[in-house]
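K.L.:
Protein chains in written order, with this note's numbering: chain A, 1 to 491; chain B, 492 to 581.
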Amino acid sequence: MNYSVLIPMIVFLIIIFFIGYWSSRKLAGSSNFISDYFLGGRELGGFVLAMTMVATYGSASSFLGGPGTAYTMGFGWVLLAMTQVVTGYFVLMILGKKYAIMARRYNAVTMIDFLKARYNSTAVVLLSALSIIIFLFSAMAAQWIGGARLIESLTGLSYQSALFLFAISVLVYVTIGGFRAVALTDAVQGAVMLIGTLILLVAVIISGGGISNIMQDLINENPNLVTPYGAEGNLSAAYVSSFWILVGVGVVGLPQIAVRAMSYKNARSMHRALIIGTIVTGFIMLNMHLIGVFARPILPGIEVGDKVIPLIALETLPPWVAGIVLAAPMAAIMSTVDSLLLLVSSSIVKDVYLNYVKPDASLKTIKRMSFGVTGILGVIVFLLALDPPDLLIFLNLFAFGGLEAAFIWPIVLGLYWKWGNKYGAIASMATGILSYIALHFYNIENGNLFGVHTVTLPVVLSLLAFIAFSLLIKRQAYDYNAILYRNEKQA
Amino acid sequence: MKETDWRFRVAHREAWIGLGLALFNFIWWFAFAYGLGSRPVEEYTYIFGLPDWFFYSCVVGFWVMVVLVTVVVKFFFVDVPFDEEQEESR
Numbered sequence: 001m002n003y004s005v006l007i008p009m010i011v012f013l014i015i016i017f018f019i020g021y022w023s024s025r026k027l028a029g030s031s032n033f034i035s036d037y038f039l040g041g042r043e044l045g046g047f048v049l050a051m052t053m054v055a056t057y058g059s060a061s062s063f064l065g066g067p068g069t070a071y072t073m074g075f076g077w078v079l080l081a082m083t084q085v086v087t088g089y090f091v092l093m094i095l096g097k098k099y100a101i102m103a104r105r106y107n108a109v110t111m112i113d114f115l116k117a118r119y120n121s122t123a124v125v126l127l128s129a130l131s132i133i134i135f136l137f138s139a140m141a142a143q144w145i146g147g148a149r150l151i152e153s154l155t156g157l158s159y160q161s162a163l164f165l166f167a168i169s170v171l172v173y174v175t176i177g178g179f180r181a182v183a184l185t186d187a188v189q190g191a192v193m194l195i196g197t198l199i200l201l202v203a204v205i206i207s208g209g210g211i212s213n214i215m216q217d218l219i220n221e222n223p224n225l226v227t228p229y230g231a232e233g234n235l236s237a238a239y240v241s242s243f244w245i246l247v248g249v250g251v252v253g254l255p256q257i258a259v260r261a262m263s264y265k266n267a268r269s270m271h272r273a274l275i276i277g278t279i280v281t282g283f284i285m286l287n288m289h290l291i292g293v294f295a296r297p298i299l300p301g302i303e304v305g306d307k308v309i310p311l312i313a314l315e316t317l318p319p320w321v322a323g324i325v326l327a328a329p330m331a332a333i334m335s336t337v338d339s340l341l342l343l344v345s346s347s348i349v350k351d352v353y354l355n356y357v358k359p360d361a362s363l364k365t366i367k368r369m370s371f372g373v374t375g376i377l378g379v380i381v382f383l384l385a386l387d388p389p390d391l392l393i394f395l396n397l398f399a400f401g402g403l404e405a406a407f408i409w410p411i412v413l414g415l416y417w418k419w420g421n422k423y424g425a426i427a428s429m430a431t432g433i434l435s436y437i438a439l440h441f442y443n444i445e446n447g448n449l450f451g452v453h454t455v456t457l458p459v460v461l462s463l464l465a466f467i468a469f470s471l472l473i474k475r476q477a478y479d480y481n482a483i484l485y486r487n488e489k490q491a
Numbered sequence: 492m493k494e495t496d497w498r499f500r501v502a503h504r505e506a507w508i509g510l511g512l513a514l515f516n517f518i519w520w521f522a523f524a525y526g527l528g529s530r531p532v533e534e535y536t537y538i539f540g541l542p543d544w545f546f547y548s549c550v551v552g553f554w555v556m557v558v559l560v561t562v563v564v565k566f567f568f569v570d571v572p573f574d575e576e577q578e579e580s581r
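(1) Along the chain, which unbroken stretches of the alpha helix (DSSP H) at least 4 residues long are found entirely within the region 417-473 of chain A?
(2) Compute the Euclidean distance between the alpha carbons of GLY540(B) and VAL569(B), then round it to the nearest angstrom.
(3) Taking the runs of the alpha helix (DSSP H) that are 4 residues or longer, which of them lie wholly in the region 223-287 of chain A?
(4) What's the gap between the Cα of TYR547(B) and the Cα of PHE523(B)?
(5) Between MET215(A) and the rest of its own chain, which residues show a CB-CB distance below 8 Å, the 5 nearest in sequence each way excluded?
(6) With DSSP as the reference, please indicate the residues paired to PRO542(B) in a beta bridge.
(7) For ARG149(A), collect the residues of the same chain with a Cβ closer than 8 Å to its Cβ; drop the 5 residues on either side in sequence, then sort them by chain order.
(8) Give the straight-line distance between the Cα atoms of LEU434(A) and SER428(A), rounded to the nearest whole angstrom.
(9) Are any of the Cβ atoms in chain B nearer than 8 Å to that of LEU13(A)?
(10) In the structure shown, what three-state DSSP assignment does LEU299(A) receive?
(11) On a Cα-Cα basis, can you pick out the residue from TRP419(A), SER35(A), GLN189(A), ARG272(A) that is closest to LEU363(A)?
(12) What span of residues does the alpha helix (DSSP H) with ASP338(A) cover, start to end?
(13) Closer than 8 Å is the cut-off here; do at least three beta carbon pairs connect the region 274-281 of chain A with the region 116-131 of chain A?
(14) Quick one: what's LEU44(A) bridged to in DSSP?
(15) Check distances from the C-beta atoms of the region 227-260 of chain A to those of chain B and list, in chain order, the residues that come in under 9 Å.
(16) Would you call the CB atoms of VAL192(A) and ALA81(A) closer than 8 Å?
(17) Just to confirm the assignment, what range does the alpha helix (DSSP H) spanning ILE309(A) have?
(18) May I ask you to report which of helix, strand or coil DSSP gives GLY208(A)?
(19) Can you pull the chain B residues whose beta carbon is under 7 Å from the beta carbon of HIS271(A), in chain order?
(20) What does the alpha-carbon distance come out to for the pair GLY208(A) and LEU311(A)?
(21) Going by the beta-carbon positions, is the gap between THR69(A) and TRP244(A) smaller than 8 Å?
(22) Apart from the five residues just before and just after ARG475(A), which ones in its own chain have a Cβ nearer than 8 Å to its Cβ?
(23) Between MET9(A) and MET330(A), which are expected to be in contact by the criterion C-beta below 8 Å, what is the C-beta distance as a whole number of angstroms?
(24) Please report the straight-line C-alpha distance between ASN234(A) and VAL501(B), rounded to a whole angstrom.
(25) Since MET82(A) meets chain B, which of its residues come closer than 8 Å, beta carbon to beta carbon?
(26) Among the candidates VAL293(A), LEU184(A), THR431(A), whose CA atom is the shortest distance from the CA of GLY402(A)?
(27) Throw me the rounded Cβ distance for the ALA332(A) and ALA55(A) pair, which I believe falls under 8 Å.
(28) Spatial neighbours of ALA167(A) within its chain, please: CB distance less than 6 Å, with the 5 preceding and 5 following residues excluded, ordered by chain position.
(29) Which residues bound the alpha helix (DSSP H) around ASN516(B)?
(30) Run down chain B in chain order and give the residues with a C-beta less than 7 Å from the C-beta of VAL86(A).
(31) Using the rule of at least 16 other Cβ atoms within 10 Å of the residue's Cβ for burial, across every protein chain shown, is TYR436(A) buried or exposed?
(32) Just to check my reading of the structure: ILE518(B) and MET93(A) have Cβ atoms closer than 8 Å, yes? What is that Cβ distance to the nearest angstrom?
(33) Counting only Cβ pairs nearer than 7 Å, list the residues of chain A close to GLU505(B).
(34) Give the residues of chain A in contact with TRP544(B), contact being defined as C-beta atoms less than 7 Å apart.
(35) What did DSSP end up calling VAL202(A) once you bin it into helix, strand or coil?
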């Protein structure tokens with residue numbers, strides 16, 4: 001076992017635990033448990049907000065899978081990864097102030113609260129809760145497997161022990177600390193990702209003998225590696241561009257990202273988060289993927305893409321620095337997992353249990369439920385990740401694209417289009433999910449339809465469904481101030 | 492009937508700005524990547540060691556967006572209260 005790699009990672013875990021503990025003490029004195037546990041009491045400042053969005057979004061794929069693919073494909077894949085710069089500002093600008101104002105007006109704590117208040121429909125709530133629970137649960141399990149594999153490859157522990165270690169660390173601080181713990185640890189994790197990326201990039205460039213040298217090696221091996229078309233010349237402009245929807249603008253529809261857009265303290269925090277978020281996202285995406293490409297001449301012949309980053313870090317850095325740098329993918333995985341865990345448990349406790357099972361539950365019951373459900377979910381994910389069933393891997397394939405196709409229009413048009421109604425929302429969600437799954441199978445059989453990523457057409461179709469059904473069935477303009485009048489009448 | 496909330500006008504304008512920035516971002520990224528990158532590899536020039544298409548599209552493009560976002564936020568985004576009480580007392 002390599003202790004000098006391990007010790008920095010353990011120190012990192014201890015810091016994370018400490019933040020979880022600190023947040024739990026703050027939570028104990030809380031007067032509004034639900035808003036605090038699931039939303040950190042809407043008081044995130046600019047830096048924490050930006051970091052929590054970046055950390056949540058930057059998952060195992062940005063730190064392990066993505067650079068691994070860049071290693072195989074060359075610069076074309078770095079070009080593709082850079083479509084993510086847009087998420088740094090787009091999500092906050094689009095949801096932006098209107099979402100924050102409406103969320104407060106509706107007293108919404110989850111994305112589903114928002115949809116429930118906007119569309120006033122049980123079907124919308126249950127359909128959304130179901131999609132969130134199924135899709136995010138699978139996405140979460142996949143991340144746990146990634147986390148365990150990383151620990152496994154660093155420590156030489158067995159996969160089971162690695163998974164156990166990982167599960168315990170995540171569960172303890174999410175269960176006790178809630179959203180604030182998650183957001184604050186995200187901030188630390190985001191900083192670790194940023195620094196880790198920078199150190200590794202410099203180390204890789206130095207051991208490759210400078211960028212020009214690396215570039216020459218790449219051209220000698222295969223000139224396609226430095227073109228936008230990928231090593232085999234099979235990355236088409238249409239395909240790469242369609243990633244603007246999957247990992248760029250479509251991210252607006254991801255519940256774990258959307259919920260963060262209701263957690264900021266004030267407009268000034270949001271403004272700062274816009275700038276910091278853009279810089280950090282772009283910096284990490286550009287450099288992590290460049291590292292993947294640059295690693296190729298230094299360590300040729302790596303078969304498993306996910307191993308490129310761990311291997312290149314161990315190769316180019318002194319062990320204890322490698323430990324710090326490898327805490328970055330660890331951080332990315334953990335911070336994605338913790339947000340998903342919290343989101344799934346909030347869907348169960350808040351959106352289903354409190355809405356339909358027991359609306360008059362006492363604070364004590366809610367507290368016990370929240371801790372309990374979060375804990376139980378963690379245990380279930382752990383058991384599933386021990387020996388992942390095929391169904392899980394299958395569902396995970398749909399997770400992000402499926403959620404985007406389902407939610408993007410009910411959220412965005414729900415905010416900005418007064419003619420949007422529940423019929424449009426239901427039709428849009430159903431169309432999005434079903435066409436995404438159907439197209440997935442079609443594309444596996446026949447190659448990508450129109451040469452674009454699977455998510456593209458379902459996003460267009462669900463838009464058409466939203467507009468058509470909203471206008472055709474019970475067309476009625478929505479009054480965004482309606483809730484305000486109701487409150488005034490009561491007062 | 493109440494007047495439209497003034498904060499909504501601010502929010503709507505800023506959402507349109509977001510859309511505009513994303514569109515501009517896409518065009519910049521696409522034009523340099525495929526405009527310069529489609530030549531034969533032998534004709535590429537290198538800036539700081541990176542292929543020119545990549546340098547302009549991804550490296551310069553990224554910093555252009557950072558500058559644009561900063562300028563837009565500093566000069567065009569309006570600070571609004573989110574809570575209703577603050578609005579009532581206006």
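The beta carbon of each residue, even a glycine, is placed where N, CA and C say it ideally should be. Fair warning: this is a prediction, and the values are worked out from it, not measured in the lab.
P.N.:
Well, looking at it:
(1) 422-446, 456-472
(2) Here residue 540(B) refers to the residue found at position 49 when the second sequence is read from its first residue. Here residue 569(B) refers to the residue found at position 78 when the second sequence is read from its first residue. Looking at the two C-alpha atoms, the distance is approximately 41 Å.
(3) 237-243, 255-258
(4) As a working mapping, residue 547(B) is identified with position 56 in the second sequence. As a working mapping, residue 523(B) is identified with position 32 in the second sequence. Computed Cα separation, rounded: 6 Å.
(5) Translated into positions along the first sequence, residue 215(A) becomes position 215. Excluding positions up to five away in sequence, the list reads VAL226.
(6) For this step, residue 542(B) is matched to residue 51 along the second sequence. Per DSSP, TYR537(B).
(7) The residue you call residue 149(A) lines up with position 149 of the first sequence. Taken in chain order, the residues that qualify are TYR159, ALA162, ASP306.
(8) Translated into the one-based positions of the first sequence, residue 434(A) becomes position 434. Translated into the one-based positions of the first sequence, residue 428(A) becomes position 428. When rounded, the distance between both Cα atoms is 10 Å.
(9) On the first sequence, position 13 is the one that residue 13(A) refers to. Judged by the 8 Å Cβ criterion, LEU13(A) is not in contact with chain B.
(10) Stepping through the first sequence from its first residue, residue 299(A) is reached at position 299. Of the three classes helix, strand and coil, the one that applies to LEU299(A) here is coil, per DSSP.
(11) For the purposes of this step, residue 363(A) is taken as the residue at position 363 of the first sequence. Checked all of TRP419(A), SER35(A), GLN189(A), ARG272(A); the closest Cα to LEU363(A) is SER35(A).
(12) Taking the first residue of the first sequence as 1, we reach residue 338(A) at position 338. Segment 319-346, the alpha helix (DSSP H) holding ASP338(A).
(13) no
(14) Numbered from its first residue, the first sequence carries residue 44(A) at position 44. DSSP, once it has assigned bridges, lists TYR264(A) as partnering LEU44(A).
(15) THR227, PRO228, TYR229, ALA237, VAL240, SER241, TRP244, GLY248, VAL249
(16) The residue you call residue 192(A) lines up with position 192 of the first sequence. The residue you call residue 81(A) lines up with position 81 of the first sequence. Contact flag unset, no.
(17) Within the first sequence, residue 309(A) is the residue found at index 309, counting from 1. Segment 308-316, the alpha helix (DSSP H) holding ILE309(A).
(18) Taking the first residue of the first sequence as 1, we reach residue 208(A) at position 208. If DSSP states are grouped into helix, strand and coil, GLY208(A) belongs with coil.
(19) As a working note, residue 271(A) is residue 271 in the first sequence. The answer, in chain order, is VAL564, PHE568.
(20) Within the first sequence, the letter at position 208 stands for residue 208(A). Within the first sequence, the letter at position 311 stands for residue 311(A). The straight-line gap from Cα to Cα measures roughly 15 Å.
(21) Along the first sequence, one-based indexing puts residue 69(A) at 69. Along the first sequence, one-based indexing puts residue 244(A) at 244. For THR69(A) and TRP244(A), no; Cβs fall outside 8 Å.
(22) Working through the first sequence from its first residue, we reach residue 475(A) at position 475. Excluding sequence positions up to five before and after ARG475(A), its CB lies within less than 8 Å of the CB of TRP419, ASN421, all in the same chain and listed in chain order.
(23) Residue mapping note: residue 9(A) aligns to position 9 of the first sequence, counting from 1. Residue mapping note: residue 330(A) aligns to position 330 of the first sequence, counting from 1. With a Cβ gap of about 7 Å, MET9(A) and MET330(A) count as contacting.
(24) Translated into the one-based positions of the first sequence, residue 234(A) becomes position 234. Translated into the one-based positions of the second sequence, residue 501(B) becomes position 10. Each residue's Cα considered, the two are about 44 Å apart.
(25) Counting from one through the first sequence, the residue named residue 82(A) turns up at place 82. TRP520, SER548, CYS549, GLY552, PHE553, listed in chain order.
(26) Position 402 of the first sequence holds residue 402(A). Per the Cα distances, THR431(A).
(27) Working through the first sequence from its first residue, we reach residue 332(A) at position 332. Working through the first sequence from its first residue, we reach residue 55(A) at position 55. Their Cβ separation, rounded to whole angstroms, is 7 Å, which keeps ALA332(A) and ALA55(A) in contact under 8 Å.
(28) Taking the first residue of the first sequence as 1, we reach residue 167(A) at position 167. Contacts found: PHE382.
(29) On the second sequence, position 25 is the one that residue 516(B) refers to. First-last of the alpha helix (DSSP H) with ASN516(B): 497-528.
(30) Along the first sequence, read from residue 1 onward, the residue named residue 86(A) stands at position 86. Per Cβ cutoff of 7 Å: ALA513, ASN516.
(31) Your numbering for residue 436(A) matches position 436 in the first sequence. Under this definition TYR436(A) is a buried residue.
(32) Your numbering for residue 518(B) matches position 27 in the second sequence. Your numbering for residue 93(A) matches position 93 in the first sequence. Contact between ILE518(B) and MET93(A) does not hold, since the beta-carbon distance rounds to 17 Å and is not under 8 Å.
(33) For this step, residue 505(B) is matched to residue 14 along the second sequence. Here the neighbours are MET93, GLY96, LYS97.
(34) Taking the first residue of the second sequence as position 1, residue 544(B) is located at position 53. Those are PRO228, listed as they occur along chain A.
(35) Residue mapping note: residue 202(A) aligns to position 202 of the first sequence, counting from 1. If DSSP states are grouped into helix, strand and coil, VAL202(A) belongs with the helices.
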